[in-house]
Each structure stands twice: as C-alpha cells, then as structure tokens.
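Okay, structure first, notes after.
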Amino acid sequence: MPSSVQILGTGQLVTLSRRLRAAGGPRLRQNMARRIRRAAEPLHRDLQDAIRRQPLIPEGRKRNREGRLGRGGPSPTTRPFRAMLAGGVRISVRQGASPGARVWMDRSRLEPKARGVPWRINEGRLRHPVFDNRRRWATQWARPSGWWTRTTAAAFPRMRAEVERVLADVRRDLT
Numbered sequence: 004m005p006s007s008v009q010i011l012g013t014g015q016l017v018t019l020s021r022r023l024r025a026a027g028g029p030r031l032r033q034n035m036a037r038r039i040r041r042a043a044e045p046l047h048r049d050l051q052d053a054i055r056r057q058p059l060i061p062e063g064r065k066r067n068r069e070g071r072l073g074r075g076g077p078s079p080t081t082r083p084f085r086a087m088l089a090g091g092v093r094i095s096v097r098q099g100a101s102p103g104a105r106v107w108m109d110r111s112r113l114e115p116k117a118r119g120v121p122w123r124i125n126e127g128r129l130r131h132p133v134f135d136n137r138r139r140w141a142t143q144w145a146r147p148s149g150w151w152t153r154t155t156a157a158a159f160p161r162m163r164a165e166v167e168r169v170l171a172d173v174r175r176d177l178t
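Right, dumping it as structure tokens:
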C-alpha cells in the first residue's frame with residue numbers, strides 16, 4: 004500500500020511556484036496553498052471515515068486449557084482503536100522546490116504497538132497478541148485492499164481536477 008497520496012512536482016506546479024516567487028506575492032502563495040489544502044481535505048476526511056467504519060471481524064473466542072472460554076482484559080491502547088488510526092491520517096501542503104499536497108499516514112501519531120496496523124488492515128488480515136500476551140495470538144479479518152486504496156482511487160480524480168482549477172486561477176492572476 005502506498006504510504007501517501009501526492010500531487011506534486013508536476014511541471015505546472017513547479018513553473019507556477021517559480022513565477023509566484025519571482026512575482027513576490029506572498030498573498031498569492033498563501034491563497035494557492037490554502038486552496039490546494041482545501042482540495043485535499045475531502046480525501047483526508049474520506050480516509051478518516053473509511054478507517055472508522057472498517058469492520059474487523061474476530062475469528063472467535065477460543066477455549067483455554069481448562070476448556071473454558073477465554074476472558075477479556077484491559078486494552079493495551081490508551082485511545083479507542085479506530086479513532087487512534089483515524090487521527091494518524093494527516094495532510095500537508097508544500098511550497099518551494101517541490102510544491103503540492105500530500106495526504107499520508109503519520110505513524111508517530113499512532114500507539115507504538117499499532118504502527119503497522121493500517122497497512123495490515125488494508126491487506127485484509129490483522130494478527131496480534133491477545134491482550135499483550137505474546138504466547139496467544141488472535142486474527143481479525145478486514146475487507147482486503149479496502150480503506151486506503153479504494154478511498155484514494157475514488158478521490159484522486161476529484162482532487163487532481165481541483166488542483167488544476169486552482170493552478171488555472173493563479174496562472175490567470177499572474178498574467
């Protein structure tokens with residue numbers, strides 16, 4: 004799974020960035036950055052909603068050595084699981100040598116033990132120790148190639164069209 008979605012480095016963005024720098028218009032640069040961010044925000048929200056709605060189906064409770072069903076325990080994370088994953092989806096806009104927008108999964112915003120989880124969920128299978136007990140493992144199933152790839156594929160044409168419209172508007176302002 005790609006770790007980010009980026010629209011940057013296109014010839015139009017680089018040329019426009021140079022012209023903005025030469026024109027010395029900080030208002031124009033800020034306006035362009037704000038509008039590019041606004042173009043990427045729907046994808047950002049869609050990704051957060053998709054991970055919040057992603058079903059994780061357990062394989063079922065297993066019996067212990069005495070033949071009784073296993074019991075629960077405290078959660079190893081401090082925040083609700085899907086909310087933590089949704090909080091890791093970030094958006095950034097850059098200006099300068101490689102201008103553009105980027106929507107990405109920030110691993111530093113996730114719990115340390117859950118840093119690889121978004122990619123595993125996207126693949127369709129999530130294996131984890133049962134309540135931090137490394138001798139007992141559980142498997143949870145998700146819809147394969149779901150939340151990240153489908154959402155970005157659906158939103159990418161809309162985001163690209165919006166960025167092209169922003170570029171056309173700024174280009175018209177410069178001439």
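Each number in the numbering used here corresponds to the 1-based position in the sequence shown with 3 added.
Built from N, CA and C at the ideal position, the CB exists for glycine as well.
In this text the structure is predicted, and so the values were computed from the model without any measurement.
- Pairing R128 with L88 gives a Cβ-Cβ distance that is not under 9 Å.
- Taking V96 as the centre and dropping the five residues before and after it, the same chain places the C-beta of A36, I39, R40 and A104 closer than 7 Å to its C-beta, in chain order.
- Excluding residues up to 5 positions away in sequence, R112 lie with their Cβ nearer than 6 Å to the Cβ of G90 in the same chain.
- Out of D49, V166 and Q57, the CA that lies nearest to the CA of R85 is found in Q57.
- In the three-state DSSP reduction, Q143 falls in the strand class (E or B).
- Between V120 and A42, the C-beta gap is not smaller than 9 Å, which leaves the two residues out of contact.
- Counted as a single uninterrupted DSSP element, the stretch harbouring A117 is not any beta strand (DSSP E), since DSSP gives it neither H nor E.
- Its chain contains V133 as the residues whose beta carbon lies nearer than 6 Å to that of R139, once the 5 sequence neighbours on both sides are disregarded; these appear in chain order.
- Taking V169 as the centre and dropping the five residues before and after it, the same chain places the C-beta of M35, R38, I39 and A42 closer than 8 Å to its C-beta, in chain order.
- Linking R93 to A156 through their CA atoms gives a straight-line distance of about 17 Å.
- The C-beta distance from A141 to P61 rounds to 7 Å, short enough to fall under 8 Å.
- Distance between A145 and L16, taken at the CA atoms: about 38 Å.
- For the set T154, A171, R137 and R123, the Cα lying nearest the Cα of D49 is the one of T154.
- Taken through DSSP and simplified to helix, strand or coil, W122 comes out as helix.
- For G127, there is no enclosing alpha helix (DSSP H), as DSSP marks it with neither H nor E.
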